[in-house]
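Below: the structure, in structure tokens.
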Amino acid sequence: MARIAVFGANGSIGRCVVTEALARGHRVTAAVRDPARYQGLTPEVARGDVLSAEDVARVAEGQDVLVSAVGGGDGPGARRLIEPAARALVGGLRALGSAAPRLIVVGGAGSLETAPGICVWDTPGLAADVREMMHAHGEALTYLRTVADLQWTVLSPAADLLPGERTGHYRTDTDRLVIDAEGRSAISIPDFAVALVDEIEQPRHLGERFTCAH
């Protein structure tokens with residue numbers, strides 16, 4: 000059993016991560032800004048703002064893994080949240096020294112390569128808001144790649160991350176977009192959570208990004 004704290008536990012991805020981890024017998028703490036408003040599945044709830052290194056350190060203390068599944072909404076919201084949150088997460092974990100848990104961050108698909116030197120965010124016709132959100136996740140990944148003193152992992156979704164069923168099946172890669180025989184790249188949110196909790200249980204991507212798709 001792992002002790003896992005999840006920032007963003009109220010979101011669609013965070014809720015699936017909490018559900019999957021609890022189903023496997025892990026002890027899960029939901030880290031939310033207002034515990035009184037949290038309507039979740041785990042009775043263990045902690046007050047915490049992912050943009051506060053002090054809150055991160057307090058929530059992470061005593062945990063085995065800290066998950067960040069926060070999103071920023073629109074493009075400007077992502078700019079205000081995603082990369083600053085990565086810095087706060089690192090700052091908070093560094094304050095714990097050798098007792099810091101592993102960090103797993105839900106990333107974006109925009110920086111995944113569709114061909115050598117070409118990324119998803121280079122796709123023609125993308126809305127400016129979507130492109131801005133993708134680059135916010137890319138900036139967070141770039142920052143985390145400078146961090147050598149913590150155990151971190153970024154999990155990027157497929158191009159389409161959709162509601163759907165849990166099948167327990169997925170394929171992975173590191174920096175390349177995973178596509179099927181028809182050229183589609185998609186995964187259900189429950190199966191994305193499966194991949195994330197699998198990484199918690201059997202770490203294979205310490206200090207790197209990986210991605211998953213059906």
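So that you can map any letter, position 33 of the sequence shown is 32 in numbering that gives the first Met the number 0, and since no number is skipped, the others follow by simple counting.
Ideal placement from N, C-alpha and C gives every residue a C-beta, glycine not left out.
Please read these numbers as outputs of a predicted model, since none were measured by experiment.
Item                                                                                                                                                                             : Value
Just the Cα atoms here: how many angstroms apart are Gly-106 and Ser-155?                                                                                                        : 5 Å
What is the DSSP secondary structure of Ser-51, counted as helix, strand or coil?                                                                                                : coil
If we call anything under 9 Å between Cβ atoms a contact, is Arg-175 one with Ala-192?                                                                                           : no
Thinking C-alpha only, which one of His-168, Ala-8, Phe-6, Thr-141 is nearest Glu-207?                                                                                           : Thr-141
Expressed to the nearest angstrom, what Euclidean distance is found between the alpha-carbon atoms of Leu-160 and Met-132?                                                       : 15 Å
For Ser-110, is the classification buried or exposed, using 16 other Cβ atoms within 10 angstroms of its Cβ as the cut-off for buried?                                           : buried
For Ala-85, which of helix, strand or coil comes out of DSSP?                                                                                                                    : helix
For Glu-138, which of helix, strand or coil comes out of DSSP?                                                                                                                   : helix
Can you confirm whether the region 24–44 touches the region 83–93 when touching is taken to mean that 3 or more C-beta pairs between the two stretches lie within less than 8 Å? : no
By how many angstroms is the C-alpha of Pro-115 removed from the C-alpha of Val-58?                                                                                              : 40 Å
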